[in-house]
Amino acid sequence: MILWAFSAASSIPVPPPTSTPCSSGYITWYSSCYKLVSEPKTWEEAQQACVKEGGNLASVDMSYDQAFISAAVQQGKTDAWIGLRRLAGSDSYKWSDDGWGWTDLTSLGFTNWAPGEPNEAFHDGDVGKENCVEMYHDGTWNDNNCVQKRGFVCRHRQCTFTSFTLRHA
Numbered sequence: 133m134i135l136w137a138f139s140a141a142s143s144i145p146v147p148p149p150t151s152t153p154c155s156s157g158y159i160t161w162y163s164s165c166y167k168l169v170s171e172p173k174t175w176e177e178a179q180q181a182c183v184k185e186g187g188n189l190a191s192v193d194m195s196y197d198q199a200f201i202s203a204a205v206q207q208g209k210t211d212a213w214i215g216l217r218r219l220a221g222s223d224s225y226k227w228s229d230d231g232w233g234w235t236d237l238t239s240l241g242f243t244n245w246a247p248g249e250p251n252e253a254f255h256d257g258d259v260g261k262e263n264c265v266e267m268y269h270d271g272t273w274n275d276n277n278c279v280q281k282r283g284f285v286c287r288h289r290q291c292t293f294t295s296f297t298l299r300h301a
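Note that the numbering used here has the sequence shown beginning at 133, numbered continuously upward.
Shown next, in the form of structure tokens:
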């Protein structure tokens, strides 16, 4: 007979990961993984590419996320889709059922619109509306028609575990 002895509460640290917590091609930033993709796609195609890799087009929760993503976009020297989109049938620029929303459903608490944006001023034959958001290479945001092809930034959150506790019943 084997007996295991545990104290009332035993904390066992989980060993550090043997590799980066982000998939190949992704960069770790705080608790998320980011990837700048330079291959131009429509907003929807870009979102599907991110979902296929376990994430979404990047949401920008705070100014430090903005600074990090903006630096990546500047290095790529291209404008890039981010995960903000006006929901169907909305003329509102706020988070609500009929306003703007992030692909990962986080609230819209931070914005960095370029001067005069959002303006709903699509000029390429005036087909469609500007319901999707791109980040210019200078880091500011612009509403644009979702069928335009841009590079894009994917984001997925890391799963992190630091320790667990075994308790004797």
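Every residue, glycine too, gets a C-beta built ideally from N, C-alpha and C. Bear in mind the structure is a predicted one, so any value in this text is a computation, not a measurement.
Residue i - partner residues in DSSP beta bridges
i, result
"L168", "V285"
"A212", "M267 and G283"
"Y276", "Contrary to the premise, residue 276 reads as Asn rather than Tyr in this sequence. Per DSSP, C264."
"I159", "Y166"
"K184", "For K184, which the question treats as bridged, DSSP gives no partner whatsoever."
"G233", "R217"
"L189", "C286"
"W245", "W273"
Candidates the options: closest to residue i by CA position
i, options, result
"F200", "K281, S155, C165 and N263", "C165"
"L240", "S202, V192 and E177", "V192"
"G195", "W245, G186, G231 and T210", "Sequence inspection shows Ser at residue 195; the Gly mentioned does not correspond to that position. The shortest Cα separation from S195 among W245, G186, G231 and T210 belongs to W245."
"A289", "E185, A212, K281 and S202", "The amino acid at residue 289 is misidentified as Ala; the sequence shows Arg. Here the closest residue by C-alpha is E185."
"H269", "G157, Y158, A212 and N188", "A212"
"G231", "V265, P153, S163 and Q206", "V265"
"Q280", "L168, W175 and S155", "W175"
"G271", "I159, L168, S202 and V183", "S202"
"C154", "A178, A181, Q198 and G187", "G187"
"K261", "I159, N276 and V285", "N276"
"T235", "Q198, A178 and T210", "A178"
"F242", "Q198, W161 and I159", "Q198"
"C278", "P247, R218 and L237", "R218"
Presumed contact (8 Å Cβ cut-off) between residue i and residue j, rounded CB distance
i, j, result
"G208", "G283", "6 Å"
"A204", "R287", "Incorrect: roughly 11 Å between the Cβ atoms, too far for contact."
"T210", "S156", "Between S156 and T210 the Cβ distance is about 21 Å, and since that is not below 8 Å, they are no contact."
"N274", "E249", "5 Å"
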